[in-house]
Every structure is written in structure tokens, then in C-alpha cells.
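Residue numbers (our numbering): 882 to 940.
Backbone N, C-alpha and C fix where the C-beta goes; we use that ideal spot for every residue, glycine too.
Structure record follows, encoded as C-alpha cells.
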């Protein structure tokens, strides 16, 4: 079952747009999916800074 998605607006550079479109043409994966994956990578990288994400070392 697909997860519900929230609509939002982002601004990307023309270069990012061109590269994402080229990737979409080659792979047929929607641009939005690549953007979601990128967001997931950033959230994983900075997860220690998110509220409620304390480790035992920090306590």
C-alpha cells in the first residue's frame, strides 16, 4: 500500500531540473521520487539533530 503524500513546492536550479529530467527519461522513475529520496538522505544525515532523537551517549 502506498503511503499518503503531502503536496509542497520546491525551487531547484535549472541545472538540477535538466539533470533530473534526463535521469527520469533514462530510468522512467518520477522526478518526485528522486526528490523524496534526496530528502530521506538529508534527514538520515542530520537525524541526530532532530527532536526526540537522543542517543544513550547523550543522556
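{"Item": "Does DSSP put residue 908 in a helix, in a strand, or in coil?", "Value": "helix"}
{"Item": "Quick one, are the C-beta atoms of residue 915 and residue 901 less than 7 Å apart?", "Value": "yes"}
{"Item": "Please classify residue 884: does DSSP put it in a helix, a strand, or coil?", "Value": "coil"}
{"Item": "Looking at C-alpha atoms only, which residue of 913, 894 and 928 is the closest neighbour of residue 888?", "Value": "913"}
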